[in-house]
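Chains as they are written, first to last, in our numbering: chain A, 89 to 566; chain B, 422 to 590; chain C, 6 to 355.
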Amino acid sequence: MEPILAPESIDLIALAPVIVLSVFAMMVLVLDLWGGRNKTLLVFISLVGLLMTAISAFAKHPLPAYSFNDSYIVDHLSLFFICIFTLSSALTILLSVEYNEREDIRAGEYYALILFCTVGMILLASSTDMIMIFLGIEIVSICLYVLTGIRRNDHRSNEAALKYFLLGAFATGFLLYGMTLVYGSTGSTNLFKIAEFIQNPSAQSNPLLLMGLVLLIIGLGFKVASAPFHMWAPDVYQGAPTPVTAFMAVGPKAAAFAAFFRVFAEAFPEMSPSWETLLSIIAVLSMFVGNLGAIMQTNIKRMLAFSSISHAGYILIAIIAKSSLGSSALLFYMLSYTFMTFGAFGIVIILGRKGEENLEIENYSGLAYKHPIIALSMTIFLLSLGGLPPFAGFVAKFYIFSAAIQEGLLTLVIIAVLNSAISFYYYLKVVVFMYMKESEAEFKISLTPMTLFVILIGVIGTINLGIFPNTIIALASH
Amino acid sequence: MELLIFYPLAGFCVVLALGVVLNNSPVGSAISLIGMMLGLAGIFVLQQAHFLAILQIIIYAGAIMVLFMFVIMLLNLKEGDDTGWIARERNLLLSVLTGLLAVGILYKISGILFTAEMDTPAILPDSFGTVATIGETLFTDFVLPFEVASILLLAAMVGAVVLAKTKLD
Amino acid sequence: MDWITEILNVTWNFIVLFLNENIPLVVGSVKAVIIAVAIMSVVPALVWLERRLMGRFQVRLGPNRVGPFGLGQPMADTVKLLFKESIIQSSADKFLFHLAPAVVVITAIAAFAVIPFGEPFEVFGQTIEMWGANVNSGILFVFAISGMGIYGMVLAGLSSNNKYSLMGGLRSSAQMISYELTLGLSALSIILLTGSLSLVDMVRAQETYPFILVQPLAFLLFFIAGIAETNRAPFDLPEAEQELVAGFHTEYTGMKFAMFFMGEYINMVTMSALVTLLFLGGWNAYGLPVWPIVSFAVKVFFLLCVFIWLRSTFPRIRYDRLMTFGWKILLPLCLLNLMVTSTVKVIWFP
């Protein structure tokens, strides 16, 4: 029997980050057998693995490199996203160490699942084939379902996991059906081949293809928690362990946006009139639902959940803009969003107590008098999330808006600016509680070193990106 | 001759597919679904895809549906239990939406039926649908999705164990 | 009267013409009927054999009154079962209750369709093959169809509306799913050796030596899993009478009850035939001057006797032990065997 010939396109160097991270994830899984209760080794290995992944991502030259029959791509977009993913996963793991101890989460699989989830995100950002995108989304989603429900003795965690799982599975069904219809009407799952096929104007008016596009938008829209498909987000964000919530708000969301960008900007640029309108409606709805919903929340995690819905709206504008400026705006936004979100959630963890308590906004009153530095960092994160000038959030929003204006999306930009103004109401509400109310109870803050380290990274990142955005913008705009 | 088998088989599939939706006991729906999948396997055989047909039976009709039956058995649903099984059928919005989708697809298919030339079957190579061909494609063109699927399964398995095991150390 | 002759003539001509043009179809149908009848008539004989042998094993006589050596006993039993009243309790789901035994028997017979028992030979210019159908992935077909057989038990358990039946159905399906893995994985090493999924090719690959010599572990695993798949003692937990009365067929009476047993015995024959084909060289006689089909039949008969022997030797295993045994011992051994086989094949016989 002669050996089966491997096609030239099998390129393991291009795939290096995926392989490295998978190996490390399995290593964590196996090492957990001997570690007992002490998870320090697992944390260390996971962090090393993430670092190695980020380094190995740069092994491929020159860019862009296509491999596996054009179903896997290494380009600047995917490299930048891999950096965001590894950063967010590393920050999540750092946040988790002390949190898990406090909340009695003893499953060592926790870290392995985060790594597997990261593998899925990397695949999502670098795949140019719908089969691969689907697999990536499924890896990410399944890991998240489990991570959400990992506090098994907590009702809210169970409820959140079940809700997330049921709705997520349903959304996956939509996504898959959409992919099937697109495949059926274009004859390929490869994004480049689809783009080629669509050059033909008669192919564009195929109703099955349009139906497929709508279903794709629904499926992906669910995964990024945009407005008509956002129902799961507040409950899941509240029920999940706080580090996982932070992770969910950043990593998987960024990955889903990467897939969004790949599918719509690379496969269907010719059909932009048909999906632009739909995405604009979703973006506007997300901004309004997110911002108006956040105003009414009293729980800080729910508030941040709604705020993340509204941010999904802003980011969608970058995708609608779809120019190279749009893609770099997307990248910059995701990076600055990573810093702000992890910082904010880090403070939520510090102030929280065992059993996920102390999460009402009222509990923050008078924080500034007892712990001025923490209150100050929280203020920085919230103002940056709102988009106030010296911080990263402002530059990111500015960048997206200018990309949109360049494409002539003036109405969208006006709505977005209006929404930013609305969002200040609830961001400032927390600040007001911290600075202008008397504290009712003693603060029992567990100033744990790793969480503080994450907050420090968050502060530095937020301010640095806000004041000196040029290096990152230069990197992002390749 | 082929059509003589195809039409009854296809009719069988459609009837059972309707049976899945219209049946008001979960067991009945599940049985219809199994029958539908077997019919589909028969159609695959007609299309010379023997291996696919057998996989369809083993994986869908065999493995997946057994799990469905397991769930039904463990829940032990009876007719008349208020389980929401009936309520689902009366959701107007969903009915209209799926109906529209079905009509749209039927319309599209009828368009193909009337324009395409039906009596020129594609000439298939001898190796079509054999295990060797499928295996070769799977390990060359689709090697990446194949391997990635194993990561997905591993993650899912680990997740299931984490959520379900009785005692955490 | 002329018109009657006319019609008869035309019909006769049509039939002759049809038969001439469709010889493969006719041969196939005849073969199907022969196989189905043969396999069903083996069942009473097997029941007799089992009862006689069990009697000997337990130092008693077994049935010996009806006919010589008690050979009339299965007949008498069949007649009795046919005339028994078929009771369906009012709370049962009628349709599923009737469907369940049918599924068991149909799948059992269908699985036998792809079992070959000899090389093809020529009669009247026609090549007659000694198998019902040569599906190019025959072994997968057997697994697929026997997987369908689970539904018979599941449905019986569900539709009876009886907690013992339900428990029996649950147990049997769980057991069969678990052991199917072992069955498939141990067969996979044989597939690796022959490079084909066709049962005929597998037998042809064993012309010089049977695979049991190179794959003793796989043989053992396959046989154990096969016993569990057919729900035979010591793995007959679905019917453990101390705990479950009679498992999933508690509520069945008369012929429907008998059909479950028919299914079980046919599965036993299929499993013995599979073991023969995969590990014992099928119809290859290795130099002994016997017809291929006799060689095949003798091997199957021997295995059937082993089945009965095991039943009278081992006590029933406990349910959790059964699952532990399947998942923690058999499955890893299978994987190990598969790994060694493929490594050896790749390194020494590329």
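Every residue gets a Cβ at the ideal spot worked out from N, C-alpha and C, and that includes glycine.
Only counting the same chain, and skipping five residues up and downstream in sequence, which positions put a Cβ closer than 8 Å to that of residue i?
i: C:P215; result: F284, L285, G286, N289, Y291
i: A:S36; result: Limits of chain A in this structure are 89 at one end and 566 at the other, which puts residue 36 of chain A out of reach.
i: C:V31; result: L24
i: A:P478; result: I551, G554, I555
Considering only their Cβ atoms, is the gap separating residue j from residue i smaller than 7 Å?
i: A:V108; j: A:Y199; result: no
i: A:I383; j: A:Y515; result: no
i: C:S194; j: C:T346; result: yes
i: A:G440; j: A:I543; result: no
i: A:A248; j: A:T236; result: yes
i: C:G4; j: C:F224; result: What is shown of chain C runs 6 to 355, which leaves residue 4 of chain C out entirely.
i: C:A192; j: C:I271; result: no
i: B:L459; j: B:A474; result: no
i: A:F420; j: A:Y487; result: yes
i: A:A342; j: A:A400; result: no
i: A:M538; j: A:L182; result: yes
i: A:R240; j: A:G327; result: no
i: C:V42; j: C:G268; result: no
i: A:G266; j: A:L303; result: yes
i: A:G224; j: A:V270; result: no
i: C:S183; j: C:G331; result: yes
i: C:L218; j: C:L282; result: no
i: A:F156; j: B:L565; result: yes
i: B:I572; j: B:F472; result: no
Who are the near neighbours of residue i in its chain, counting only those whose CB is closer than 7 Å to its CB and skipping five residues on each side?
i: C:L87; result: M260
i: C:M172; result: L249
i: B:K529; result: none
i: C:L197; result: T346, S347, K350
Are there 16 or more other CB atoms within 10 angstroms of the CB of residue i, so buried, or fewer, so exposed?
i: C:S95; result: exposed
i: A:V377; result: buried
i: A:M220; result: buried
i: A:I560; result: buried
i: A:E191; result: buried
i: C:D325; result: exposed
i: A:W363; result: buried
i: A:K64; result: Missing from the structure shown is residue 64 of chain A; chain A here goes from 89 to 566 and no further.
i: C:E256; result: buried
i: C:R323; result: exposed
i: B:G505; result: The predicted position of B:G505 is uncertain, since its pLDDT is 48 and thus under 50; a value taken from the coordinates is nonetheless stated next. Exposed.
i: A:W320; result: buried
i: C:A179; result: buried
i: A:H149; result: exposed
i: A:G546; result: buried
i: B:I455; result: buried
i: A:I369; result: exposed
In chain order, what residues of the same chain lie with their CB nearer than 6 Å to the CB of residue i, ignoring the 5 residues before and after it?
i: A:T141; result: P105, V108, L109, T174
i: C:M276; result: G231, T235
i: A:C205; result: V228, C231
i: A:G414; result: A406, A491
i: C:F62; result: S317
For this session: Anything in the region 236-263 of chain A with a Cβ closer than 8 Å to a Cβ of chain B? List those residues in chain order, please.
Result: Result list: G237, I238, R240, A249.
For this session: Report the residue ranges of all alpha helix (DSSP H) runs contained in full by the region 336-399 of chain A; include only those spanning at least 4 residues, in chain order.
Result: The DSSP assignment places complete alpha helix (DSSP H) segments of no fewer than 4 residues inside the region 336-399 of chain A at 360-383, in order along the chain.
Exercise. The region 513-536 of chain B: which residues have C-beta closer than 9 Å to a C-beta of chain A, in chain order?
Worked result: When CB distances to chain A are screened at a threshold of 9 Å, the residues of the region 513-536 of chain B falling below it are L522, G525, I526, Y528, K529, in chain order.
For this session: Note down, in chain order, all residues in the region 476-489 of chain B with a beta-carbon under 7 Å from any beta-carbon belonging to chain C.
Result: Flagged, chain order: I478, I479, A482, G483, V487.
Exercise. Name the residues in the region 423-436 of chain B whose C-beta lies less than 8 Å from a C-beta of chain A; which are they?
Worked result: Going along the region 423-436 of chain B in chain order, one finds no residue with a Cβ nearer than 8 Å to chain A.
For this session: Using a Cβ-Cβ cut-off of less than 8 Å, give me the residues of the region 567-586 of chain B that come near chain C, in sequence order.
Result: Along the region 567-586 of chain B, there is no position whose C-beta sits under 8 Å from a C-beta of chain C.
Problem set entry | Near-chain C residues of the region 546-565 of chain B (beta-carbon distance less than 7 Å), N- to C-terminal order | Taking 7 Å as the Cβ-Cβ cut-off, the region 546-565 of chain B approaches chain C at T551, V552, given in chain order.
Problem set entry | beta strand (DSSP E) segments (min. 3 residues) lying fully within the region 92-121 of chain C | Qualifying beta strand (DSSP E) stretches: none in this window.
Exercise. Any residues in the region 332-359 of chain A with a beta carbon nearer than 7 Å to a beta carbon of chain B? Which ones, in chain order?
Worked result: Residues of the region 332-359 of chain A with a C-beta atom less than 7 Å from some C-beta of chain B do not occur.
Problem set entry | Runs of alpha helix (DSSP H) lying entirely within the region 207-241 of chain A, each at least 4 residues, in chain order | Annotation note: the region 207-241 of chain A contains the following uninterrupted alpha helix (DSSP H) runs of length 4 or greater, listed N- to C-terminal: 218-236.
Problem set entry | Contiguous alpha helix (DSSP H) assignments of at least 4 residues, all confined to the region 93-171 of chain A | DSSP runs (the alpha helix (DSSP H)) wholly in the region 93-171 of chain A: 104-123, 128-144.
For this session: Check each residue of the region 151-163 of chain C: if its Cβ is closer than 8 Å to any Cβ of chain B, include it; give the result in chain order.
Result: Those residues of the region 151-163 of chain C that come within reach of chain B (Cβ to Cβ, closer than 8 Å) are G152, M153, I155, Y156, V159, L160, G162, L163.
Exercise. Looking at chain C, which residues of the region 438-472 of chain B have a Cβ within less than 9 Å of any of its Cβ atoms?
Worked result: When CB distances to chain C are screened at a threshold of 9 Å, the residues of the region 438-472 of chain B falling below it are S446, V448, G449, I452, I455, L459, A462, H471, F472, in chain order.
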